[in-house]
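Notes for the one structure printed next.
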Amino acid sequence: MKLQVARVGKPHGIRGELTVQLFTDDPEARFAPGAVLETEPATAGPLTVTSARWNKQILVVGFSEVRDRNRAEELRGTTLFVETSEEEVEDDSEGWYEHDLQALKAKVDGETIGEVTALITGTAQDLLVITRTDGAEVLVPFVEEIVPEVDVEAGHIILTPPPGLLDLSDAATETGTDSETQA
């Protein structure tokens with residue numbers, strides 16, 4: 004099974020190193036020298052890790068197939084995967100992967116208000132991107148107080164949002180602060 008571990012960000016320096024946005028809780032193992040990562044699009048790889056180091060809170064990775072900044076720039080936005088066994092994924096009962104969460108129905112008080120369309124990982128907390136049934140997107144902190152239940156098998160998450168969290172975009176429209184009403 005392919006497991007998404009990162010997305011390539013900006014080039015770092017002139018020797019082909021890249022920053023990566025991590026989707027793994029074990030970057031030291033996933034980006035150890037010699038690790039081979041599959042890519043999406045597939046034509047961008049596979050890529051073999053030669054180095055990985057932290058620059059402040061950002062992981063900077065070198066690949067044997069990427070020798071200069073131009074090649075690094077071409078990889079920007081590429082998704083990186085590792086091949087893993089089903090058992091390894093099933094053993095991780097403490098969390099969810101982005102692909103597990105995507106397309107789950109988001110429910111409040113038993114009513115479906117939208118679906119999860121993405122996960123944004125952050126240093127302080129992760130955010131779920133929920134596309135509401137009216138098409139508006141809202142960002143929901145992925146914390147137990149607001150998302151007390153994730154049921155992948157049933158295909159939904161339960162939300163207990165604080166007042167106003169899910170209708171912030173409605174408030175922006177009503178006050179004329181959205182991009183369509185600004186002139």
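Note that my numbering gives residue 108 to position 105 of the sequence shown, counting from 1, and the numbers run on in steps of one. Note that CB positions come from ideal geometry on N, CA and C, so glycine has one too.
- The secondary-structure analysis by DSSP pairs K108 across a beta bridge with E118, H159.
- Beta-carbon to beta-carbon, G117 and A106 are separated by about 11 Å, too far to satisfy the 8 Å threshold.
- Excluding five sequence positions before and after A38, the CB atoms of its chain that fall closer than 6 Å to its own CB belong to V52, given in chain order.
- Annotated three-state conformation of P30 is helix, per DSSP.
- Cβ neighbours of D71 within its own chain (closer than 8 Å, five residues either side excluded): I17, R18, G19.
- Of R135, L131, A139, G158, the smallest CA-CA separation from I149 is found for L131.
- DSSP places E77 in the uninterrupted alpha helix (DSSP H) bounded by 72 to 77.
- Residue T82 holds the alpha-carbon nearest to the alpha-carbon of R10 among V111, L162, T82.
- By the Cβ-count criterion, A35 is exposed, with fewer than 16 other Cβ atoms from all chains shown falling within 10 Å of its own Cβ.
- In the DSSP assignment, P144 falls within the unbroken beta strand (DSSP E) covering 140 to 144.
- Ranked by Cα distance from I123, the first of R135, V143, N58 is V143.
- Put simply, of V69, W57, R74 the residue whose alpha carbon is nearest the alpha carbon of E31 is W57.
- Secondary-structure assignment with DSSP links P49 through no beta bridge to anything.
- Contact check for F84 against Q7 passes: the beta carbons are separated by less than 7 Å.
- At a Cβ-Cβ threshold of 7 Å, P49 and E43 do not count as neighbours.
- One thing to note: V146 has its Cβ no nearer than 7 Å to the Cβ of L169.
- In the DSSP assignment, Q24 is bridged to R10.
- DSSP places L83 inside the beta strand (DSSP E), whose first and last residues are 82 to 86.
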